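Take a look at the structure below.
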Amino acid sequence: MKKLAILLFLFSLQACGPKKSNSEENHNSELTLKKAFKDDFTIGTAMNVHQIYKRDASTDSVIQKHFNSIVAENCMKSMNIHPEIDRFFWDDSDAFVQYGIDHHMEIIGHNLAWHSQTPSWLFIDENGNDVDREEMLKRLHDHIVSIMTRYKGKIKGYDVVNEAINDDGSMRESKFYQIIGPDWVEQAFKFAAEADPSAELYYNDYNMSNQIKSKAVYKMVQQMQEKGIKVDGIGMQGHLNVGSPSLKDFEKSIIMFSELGKVMVTELDVTVLPWPDQNASAEVSLRAEYQEEMNPYPSGMSDSMSQALNNRYIDIFDLLLKHKAKVSRVTLWGVNDNQTWRNNWPIEGRRDYPLLFNRDNTPKPAVDSIMINAVKI
């Protein structure tokens, strides 16, 4: 309370100083997320193509006002940027990068190699059979080098490999793994370091509060670094629930990963919806009842759930501020609740509320609390 009183007193002294223009006064006095965390870590958002092309002025205003880091939500994934073996589609990724340059933002590339959202040609030959290791390495190399060469000096860092480890700590047996072998992750990072030595290179994955998985990720990255392979940091995807996982487990992983380099909390959102029961009955009346159960807030959150969500976000950012010396970036996976992937996964048409800004781009109450807590510390 004392710190807050001091802060308010300092603001009052500033108000008594030399008179400034209205624009200067608004600029200096309005607290935003990027101002609140300017001495702690960059604060980012994922951008979809509508936002890249500024199709909604209200959303664009939130992005420019609150964030100083951006990541491509989908336009740089292989199925979108490299739809055919001999053709890249650059329009959306070029516009994304230019947006970041125009607004002096940290630009993050996502992602260079992932088992999902891949084009149909990537793993097969003209007869539909799997390519051999040599051809797969060539395709992976050409994909990574083409993208990173085009944006050399413009993109700060890349999620080079995404989600290569299972929850039980084993390597995911993706097509990359099946064709190239367990060293495919190493090869991807080697290709990335070759393409742009100045870019930061990250490994990115989800469920990083799972200690079995996080230890396996730690071991994989540590072994690559011991071989001289460049890996600058680890992205901990923050797809969390309002009541789980334990932030203590999340904290353990932050501390552990910081021994290897930068730690980033990526893809942060907090769902308030229940996870579906895979054994739910197919009987029609039960299905209708079940659908209602799975979509409990079609017209807005209850007061109690809204408070729980706000508290959860405050706790998350309090933890990140506690470890601000270890965390270099925090990225929300979207701007507002209207365009979040959570509305449609794993059940189409649900209405979720996982981000810091409402569907109309107004901030949730947690935003003020988060910013004030950041300034107080």
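Residue numbers (full-length UniProt numbering): 1 to 377. The beta carbon of each residue, even a glycine, is placed where N, CA and C say it ideally should be. Because the structure is a prediction, the values reported are computed rather than measured.
Could you check whether residue j and residue i sit closer than 7 angstroms to each other, using their CB atoms as the reference points?
{"i": "Thr266", "j": "Asn358", "result": "no"}
{"i": "Asp232", "j": "Leu273", "result": "no"}
{"i": "Leu355", "j": "Asp368", "result": "no"}
{"i": "Met371", "j": "Ala164", "result": "no"}
{"i": "Thr45", "j": "Val335", "result": "yes"}
{"i": "Pro119", "j": "Met76", "result": "no"}
{"i": "Leu321", "j": "Ile254", "result": "no"}
{"i": "Phe88", "j": "Ala72", "result": "no"}
{"i": "Met171", "j": "Tyr218", "result": "no"}
{"i": "Ser174", "j": "His82", "result": "no"}
{"i": "Lys34", "j": "Ile43", "result": "yes"}
{"i": "Ile144", "j": "Phe191", "result": "yes"}
{"i": "Ser58", "j": "Asn343", "result": "no"}
{"i": "Lys230", "j": "Ala193", "result": "yes"}
{"i": "Asn295", "j": "Pro365", "result": "no"}
{"i": "Asn111", "j": "Asn162", "result": "yes"}
{"i": "Ile107", "j": "Lys38", "result": "no"}
{"i": "Leu319", "j": "Glu259", "result": "no"}
{"i": "Gly238", "j": "Leu268", "result": "yes"}
{"i": "Trp121", "j": "Ile180", "result": "no"}
Would you mind sorting residue i into buried or exposed? The rule is 16 or more other CB atoms within 10 Å of its CB.
{"i": "Pro197", "result": "exposed"}
{"i": "Pro18", "result": "Bear in mind that a pLDDT of 39 at Pro18, under 50, signals an unreliable position, so the model cannot answer this."}
{"i": "Ala188", "result": "buried"}
{"i": "Asn127", "result": "exposed"}
{"i": "Asn28", "result": "Summary for Asn28: the model assigns pLDDT 41, below 50, so the residue's position carries little reliability; its value from the coordinates is reported in the next sentence. The residue is exposed, with fewer than 16 neighbouring Cβ atoms inside 10 Å."}
{"i": "Ile70", "result": "buried"}
{"i": "Asp315", "result": "exposed"}
{"i": "Gly349", "result": "exposed"}
{"i": "Gln98", "result": "exposed"}
{"i": "Trp333", "result": "buried"}
{"i": "Asn129", "result": "exposed"}
{"i": "Gln223", "result": "exposed"}
{"i": "Asn22", "result": "Because Asn22 carries a pLDDT of 43, less than 50, the predicted location of this residue cannot be relied on, and no value is offered for it."}
{"i": "Thr340", "result": "buried"}
{"i": "Gln178", "result": "exposed"}
{"i": "Trp345", "result": "exposed"}
{"i": "Asp167", "result": "exposed"}
{"i": "Ile147", "result": "buried"}
{"i": "Ala374", "result": "buried"}
{"i": "Asp125", "result": "exposed"}
{"i": "Asp60", "result": "buried"}
{"i": "Ser328", "result": "buried"}
Shortest alpha-carbon distance to residue i belongs to which of the options?
{"i": "Val270", "options": "Lys262, Met264, Leu240, Glu292", "result": "Leu240"}
{"i": "Asp40", "options": "Arg350, Asp352, Trp184, Val330", "result": "Val330"}
{"i": "Met301", "options": "Val242, Lys154, Glu289, Leu321", "result": "Val242"}
{"i": "Gln291", "options": "Ile347, Trp341, Lys54, Ile179", "result": "Ile347"}
{"i": "Asp91", "options": "His103, Asn74, Ser61, Met105", "result": "Asn74"}
{"i": "Ala113", "options": "Asn68, Ile107, Val160", "result": "Val160"}
{"i": "residue 458", "options": "Lys324, Tyr297, Gln178", "result": "Limits of the chain in this structure are 1 at one end and 377 at the other, which puts residue 458 out of reach."}
{"i": "Pro363", "options": "Val62, His50, Phe250, Asp56", "result": "Val62"}
{"i": "Met105", "options": "Glu289, Lys154, Glu186, Glu84", "result": "Lys154"}
{"i": "Gly261", "options": "Met47, Lys152, Ala325, Leu31", "result": "Ala325"}
{"i": "His103", "options": "His110, Ile85, Ile52, Glu135", "result": "Ile52"}
{"i": "Arg133", "options": "Tyr151, Phe176, Trp121", "result": "Phe176"}
{"i": "His50", "options": "Lys65, Asn207, Ile180, Ser93", "result": "Ser93"}
{"i": "Glu293", "options": "Pro276, Ser306, Ser304, Tyr151", "result": "Pro276"}
{"i": "Ile101", "options": "Glu135, Gln64, Glu84, Asp125", "result": "Gln64"}
{"i": "Pro245", "options": "Asn207, Val221, Gln225", "result": "Asn207"}
{"i": "Gly228", "options": "Glu186, Ala199, Asp86, Asp249", "result": "Glu186"}
{"i": "Met305", "options": "Asn48, His323, Ile124, Tyr353", "result": "Tyr353"}
{"i": "Val221", "options": "Glu30, Glu289, Trp184", "result": "Trp184"}
{"i": "Lys152", "options": "Gly169, Glu135, Gly109", "result": "Gly109"}
{"i": "Thr149", "options": "Ala288, Ala199, Pro182, Ala308", "result": "Ala199"}
{"i": "His323", "options": "Leu247, Arg312, Glu226, Gln307", "result": "Leu247"}
What are the boundary residues of the beta strand (DSSP E) that residue i is part of?
{"i": "Ala113", "result": "106 to 114"}
{"i": "Met171", "result": "Note, Met171: premise wrong, no beta strand (DSSP E); not H, not E."}
{"i": "Gln237", "result": "233 to 241"}
{"i": "Val49", "result": "Taken as a continuous stretch (DSSP letters only), Val49 belongs to no beta strand (DSSP E), being part of the alpha helix (DSSP H) at 49 to 52."}
{"i": "Asn361", "result": "First-last for Asn361: undefined, no H or E at that position."}
{"i": "Val335", "result": "Where Val335 is concerned, there is no enclosing beta strand (DSSP E), given that its DSSP letter is neither H nor E."}
{"i": "Thr266", "result": "262 to 271"}
{"i": "Tyr202", "result": "200 to 205"}
{"i": "Tyr158", "result": "157 to 162"}
{"i": "Ser69", "result": "69 to 72"}
Go to residue i, then tell me how far its alpha helix (DSSP H) extends in each direction, as first and last residue.
{"i": "Thr149", "result": "133 to 150"}
{"i": "Lys316", "result": "In the sequence as displayed, the identity of residue 316 is Ile instead of Lys. Its alpha helix (DSSP H) spans residues 303 to 322."}
{"i": "Gly100", "result": "91 to 102"}
{"i": "Trp121", "result": "Neither: Trp121 is in no alpha helix (DSSP H) and is coded neither H nor E."}
{"i": "Ala192", "result": "184 to 195"}
{"i": "Phe250", "result": "247 to 257"}
| Contact between the segment 136 to 143 and the segment 213 to 222 (3+ Cβ pairs under 8 angstroms) | no
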